[in-house]
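Student:
Numbering (our numbering), first residue to last: 49 to 166.
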């Protein structure tokens, strides 16, 4: 299976994510643009972050972290933008509680950054 579809299917194990993806498929006649699909998933995670259990939040973080560290370049690009950019922006607009939950449970530090000599 293509890594992008595998990634989206992994997050679709969460009922709220599966639901938004089904709606989008119906609206788009079964062929949702990939960037829109990733953005919708990001927005849905932001919407439901306070409702997810700790296990579900850990699962989401694990899927995202794996994609960012182990996935092919094109998957990392889709996860960073539009999924994460939509997720963070949507959470910010929803208020401090959502934004804090996103940073507490889903923040994945960038370990690839070169910080120069110590």
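Built from N, CA and C at the ideal position, the CB exists for glycine as well.
Just to confirm my understanding: we take residue 56, look at its own chain, exclude 5 residues before and 5 after, and list those with CB closer than 8 Å. What are they?
Tutor: Taking the chain shown and counting its residues from 1, one reaches residue 56 at position 8. Taken in chain order, the residues that qualify are 69, 85, 86 and 89.
Student: Can you name, in chain order, every residue of its own chain whose Cβ lies under 7 Å from the Cβ of residue 98, other than the five neighbours on each side?
Tutor: Sequence index remark: in the chain shown, residue 98 carries index 50 (1-based). Excluding residues within five positions, the ones whose Cβ falls inside 7 Å are 145, 146 and 149.
Student: Excluding the five sequence neighbours on either side, which residues of its own chain have a C-beta within less than 7 Å of the C-beta of residue 165, listed in chain order?
Tutor: In the chain shown, residue 165 corresponds to position 117, counting from 1. Because the pLDDT of residue 165 is 44, which lies under 50, any placement of that residue in the model is unreliable, and the question is left without a value.
Student: What did DSSP end up calling residue 155 once you bin it into helix, strand or coil?
Tutor: Position 107 of the chain shown, counted from the first residue, corresponds to residue 155. Coil, per DSSP.
Student: So, at 6 Å on beta carbons, what are the nonlocal neighbours of residue 137 in its own chain, with the 5 sequence-adjacent residues on each side left out?
Tutor: As a working mapping, residue 137 is identified with position 89 in the chain shown. Same-chain partners within the cutoff: there are none.
Student: Which of the three DSSP states is assigned to residue 80 in this structure?
Tutor: In the chain shown, the residue the question calls residue 80 occupies position 32. Coil, per DSSP.
Student: May I have the straight-line CA-CA distance separating residue 112 from residue 133, to the nearest angstrom?
Tutor: Reading the chain shown from its first residue, position 64 is the one you call residue 112. Reading the chain shown from its first residue, position 85 is the one you call residue 133. Answer to the nearest angstrom: the Cα atoms are 13 Å apart.
Student: Residue 116 lies in the alpha helix (DSSP H); which residues open and close that run?
Tutor: Locating residue 116 in the chain shown gives position 68, where the first residue counts as 1. Segment 102 to 118, the alpha helix (DSSP H) holding residue 116.
Student: Would you call the CB atoms of residue 92 and residue 60 closer than 8 Å?
Tutor: By one-based count along the chain shown, residue 92 stands at place 44. By one-based count along the chain shown, residue 60 stands at place 12. Going by C-beta atoms, residue 92 is not nearer than 8 Å to residue 60.
Student: According to the neighbour-count rule (16 or more other Cβ atoms, all chains shown, within 10 Å of its Cβ), is residue 75 buried or exposed?
Tutor: Counting from 1 along the chain shown, the entry for residue 75 is found at position 27. Per the 10 Å Cβ criterion, exposed.
Student: How many angstroms separate the CA atom of residue 102 from the CA atom of residue 78?
Tutor: Residue numbering aside, residue 102 sits at position 54 when the chain shown is read from its first letter. Residue numbering aside, residue 78 sits at position 30 when the chain shown is read from its first letter. Approximately 32 Å between the Cα atoms of the pair.
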